[in-house]
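These protein sequence lines are chains A and B, in that order. Using my numbering, the letters of the first sequence correspond one by one to residues 12 to 148. Using my numbering, the letters of the second sequence correspond one by one to residues 15 to 344. The beta-carbon is built from N, C-alpha and C at its ideal position, and this holds for glycine as well. Since the model is a prediction, treat every value here as computed from it, not as a measurement. Some notes on the structure that comes next.
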Amino acid sequence: MKISDIPQIAAWISEAGIATYELTGPDYRICLRRSVKARSRRAGSAGSVRDAAVPARGQPDVALSLSVGLFLHAHPVQEAALVEPNEPVAAGQPLGLLQVGPILLPVLSPRDGIVASIIAPDRSLVGYGDPLVALKP
Amino acid sequence: MMEILSKSALTTIQDRGRFGALKWGVGTAGAMDGLALACGNLLLGNSEDAAAIEIQVFPFEARFDCEAEIALTGATCEASIDGKVILPWSSIQAKAGSVLRLGLTRSARWRGSRAYVCVAGGIDVPIVLGSRSTQLRGAIGGLEGRALQQGDRLPFGQPNGARRASDGTSIVPPSFALPLIVDGLPAARVLPAAEYHCFKPESQSDLWLKPWKVTPQSDRYGYRLSGSVLEPVAPMELRSHGIVPGVIQVPHGGQPIVQMCDAQPSGGYPKIGTVIEADLWRLGQAPIGSSIRFIETDWDGALHALDEVSRWLSEVARCLDLAKARKASS
Chain A
12 MKISDIPQIA AWISEAGIAT YELTGPDYRI CLRRSVKARS RRAGSAGSVR
62 DAAVPARGQP DVALSLSVGL FLHAHPVQEA ALVEPNEPVA AGQPLGLLQV
112 GPILLPVLSP RDGIVASIIA PDRSLVGYGD PLVALKP
Chain B
15 MMEILSKSAL TTIQDRGRFG ALKWGVGTAG AMDGLALACG NLLLGNSEDA
65 AAIEIQVFPF EARFDCEAEI ALTGATCEAS IDGKVILPWS SIQAKAGSVL
115 RLGLTRSARW RGSRAYVCVA GGIDVPIVLG SRSTQLRGAI GGLEGRALQQ
165 GDRLPFGQPN GARRASDGTS IVPPSFALPL IVDGLPAARV LPAAEYHCFK
215 PESQSDLWLK PWKVTPQSDR YGYRLSGSVL EPVAPMELRS HGIVPGVIQV
265 PHGGQPIVQM CDAQPSGGYP KIGTVIEADL WRLGQAPIGS SIRFIETDWD
315 GALHALDEVS RWLSEVARCL DLAKARKASS
C-alpha cells in the first residue's frame, strides 16, 4: 500500500457508492469516509436496479446487498431457505444472509410484499449494491 | 427482569465457570458450550464473564417485563419472540411484555443439545467464589444454587454501554467455522492420560478408531459412553486423585465416562485420556443417542487448538465491531 494509491481507492469507493472504507495493514491504517447524501449511484448494470430501489421513488422492488460477502439463502444450521418465491414477507424480515468472514448480516426486506425471485444464487459472492432478492406487490 | 414461564427441567444460570476453587474441592461448573456463551456475549457487547441461561430441556418460555437486548446461541431450536422467528445465533430486541419461546431442537445440519439465552448486562445473580455459575452438587451460585423453576424472576446487570449487533446479525456457528468430523461423526481431540498405557493395545486403538455413543446417563456431571469394552492389562485399584472436566475414566465395566462441567474434583477410576479444553464444547453439544469419535493429540496439539479457538473468537469480535460501527454510521 502506497499513499499514491489512495486517490484510486477514493475513486473506486465513490463509484461504488461506498460510504466508509477502512483498511488495516501491519504498519498502517487507512480510513476514508464520504458523505452518505453525496454518494453516487453505482455505475453499470446495477444502476437501474438501484434507481428502482430508492425509497423516495416509491416502493422498492429489490433488496440490495449492503456489503461484500457470500449470499446465503439459508442459515448454516438450517436446511430451509429463509424465504421462497411467492412467499409473503414483511418489511424488515430477513430474506437471506450475507456471510462476511465469521459473521452473517441479515438482508432485510425493504417493504411488505411477496418474493418474486431470489436473484443471487446461494453461496455466490456479491458486491455492494448488487441486487439479491426481487419483490412483487 | 425476566420471568420463567415454562417448567423446563435442568435449566441453569451459567457463566464461563468457577476457576481456581478446585483446590478446595469446588468444581468449575460453567457453560457446557463455552463458545456459544462467548458468542452470545459478543453479540450483545457484554463482558466475557457475563452469565446466561443454559437450556437443555425444551420447550422453554420466558417473559421480559422490561425492554431487553437478548442473544440466542447454541442448539438449533425453533425460536421466536412474540411469534416472530429469531435467526439462530443472533441477537434481537425484546419489548416489555415480550414472550420468548424456544421449541424443540431439530436440524438435519446441526442440532446441538444446549441453547443459551444471553441478555445485555448478563443475568445478575450473586458472585460466589468468583463466578455466577450454578453448581448443583454444592447448591451454590446461580439462583439459590438450584435449577430454574417456573415463576423464577431473574434480574439483569447494567448493560455496559457497548454497542449491540443489529437485529438478526448472526454468527457462523463454531461447528461450521471450526469443524472436526471423523467418518461423518463429530469428534473431540484427546490427550492420552496417566493410565493410558495400562490398557490393552486393542483397547487403546479402539479408543481412537471406534464410535462412542452418548447414553441417556449423560448430563452436566459426565457423559457415560457406550461402545467397545476397554480392558486394562491388569485390574487397577487407584486412590482417589484430582480430576478435571474432560477426563475420560474407565470403570470396571470398561465403558468410559467423560467428566463434564459439573464433575467432582476427585475420582479413583483409571483415566485413559482427557478431552482437551478446546474441544469440550463439542461434547457439550453432542445430543444423547448421538455418536462421537476421539482423535489422539498431544500437548502442543491441545495448546494449538486452544489458540485456534481464541483467534476465531477475536475474529468474530472484530467483524461484529465493524458491523456495529457501520450500523452506527448509517
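Using the beta-carbon of each residue, which ones in chain A are nearer than 8 Å to B/I185?
P113, I114, L115
Taking any Cβ of chain A, which residues in the segment 121–137 of chain B have a Cβ under 7 Å from it, in chain order?
S121, A122, R123, W124
Could you check what DSSP says for B/Y130 in three-state terms: helix, strand or coil?
Correct three-state label for B/Y130: strand.
Which residue or residues does DSSP assign as beta-bridge partners of B/R77?
B/E17, B/V113
6 Å Cβ shell around B/K21 - same chain, five flanking residues per side excluded
Q164
State yes or no: is the beta carbon of A/E95 nearer than 9 Å to at least one beta carbon in chain B?
When Cβ-Cβ separations below 9 Å define contact, A/E95 makes no contact with chain B.
Mind listing the chain B neighbours of A/V88? Cutoff is C-beta to C-beta under 7 Å, in chain order.
Residues of chain B whose Cβ lies closer than 7 Å to the Cβ of A/V88 are, in chain order, T90, P102, S121, R123, W124, P187.
Buried or exposed (CB count within 10 angstroms, at least 16 for buried), A/A64:
Interpretation of A/A64 is limited by its pLDDT of 44, a score under 50 that renders its predicted location unreliable; the figure taken from the coordinates is listed afterwards. When all chains shown are included, A/A64 counts as buried.
Is any beta-carbon of chain B found at less than 9 Å from that of A/L136?
no
Please compile the residues from chain A whose C-beta is within a distance smaller than 9 Å of the C-beta of B/V330.
By Cβ distance, chain A contributes G112, P113, I114.
Tell me, please, whether the CB atom of B/W295 is closer than 9 Å to any CB atom in chain A?
no
For B/V330, three-class secondary structure by DSSP
helix
Where B/C53 falls: helix, strand or coil (DSSP)
helix
Taking all protein chains shown into account, decide if B/K363 is buried (16 or more other Cβ within 10 angstroms of its Cβ) or exposed.
There is simply no residue 363 of chain B to check, as chain B begins at 15 and stops at 344 in what is shown.
With 16 other Cβ atoms within 10 Å as the buried cut-off, status of B/L327
B/L327 is buried by the Cβ-count criterion.
Per DSSP, what are the beta-bridge partners of A/I130 in this structure?
For A/I130, which the question treats as bridged, DSSP gives no partner whatsoever.
The beta strand (DSSP E) spanning B/E310 covers which residue range?
305–310
Whole angstroms is fine: what's the gap from B/L118's alpha carbon to A/G138's?
37 Å
Where B/A339 sits in the DSSP three-state scheme
helix
I'd like to know if the segment 267–280 of chain B and the segment 183–200 of chain B are in contact, where contact means that at least 3 CB-CB pairs between them fall below 8 Å.
The segment 267–280 of chain B vs the segment 183–200 of chain B: no contact.
Name the DSSP bridge partner or partners of A/C42?
A/E33
Kindly indicate which three-state DSSP category B/H318 falls into: helix, strand or coil?
The answer is helix: DSSP assigns B/H318 an H, G or I state.
What does B/L51 reach in chain A if we use C-beta pairs closer than 9 Å?
Simply none; closest approach about 16 Å.
Compare the C-alpha of A/Y32 against each of A/V79, A/A102, A/P71 and name the closest.
A/V79
Pick from B/P215, B/A337, B/V228, B/E209: whose alpha carbon is nearest that of B/T288?
B/E209
Please list, in chain order, the chain D residues whose beta carbon lies closer than 8 Å to that of A/L75.
Within the model displayed, chain D is absent; protein chains A and B are what it includes.
Inter-stretch contact (C-beta, 8 Å, three-pair minimum) for the segment 40–60 of chain B and the segment 80–93 of chain B:
yes
Any Cβ of chain B within less than 9 Å of the Cβ of A/L146?
no
Does the distance from the CB of A/I114 to the CB of A/L146 come in under 9 Å?
no
Taking its Cβ as the centre, do 16 or more other Cβ atoms sit within 10 Å of B/S30, making it buried, or is it exposed?
Just to set this straight, residue 30 of chain B is Arg in the shown sequence, not Ser. With 16 or more other Cβ atoms within 10 Å, it is buried.
Considering only the alpha carbon of each residue, which of B/L36, B/Q70, B/P188, B/L157 lies closest to B/M16?
B/L157
Take B/R253 and list the residues in its own chain whose beta-carbon comes closer than 8 Å to its own, dropping the five residues that flank it on each side.
G282
With DSSP as the reference, please indicate the residues paired to B/E68 in a beta bridge.
B/T26, B/Y130
Let me check understanding here. Comparing Cα to Cα, which of B/G144, B/P73, B/L205, B/Y237 lies closest to B/G315?
For the options B/G144, B/P73, B/L205, B/Y237, the alpha carbon positioned closest to that of B/G315 is the one of B/L205.
Contacting residues, own chain, Cβ-Cβ under 7 Å from B/P231 (five flanking each side not counted)
In the sequence on display, residue 231 of chain B carries Gln and not Pro. The answer, listed in chain order, is R238.
How is the beta strand (DSSP E) around B/E83 delimited, first residue to last?
82–88
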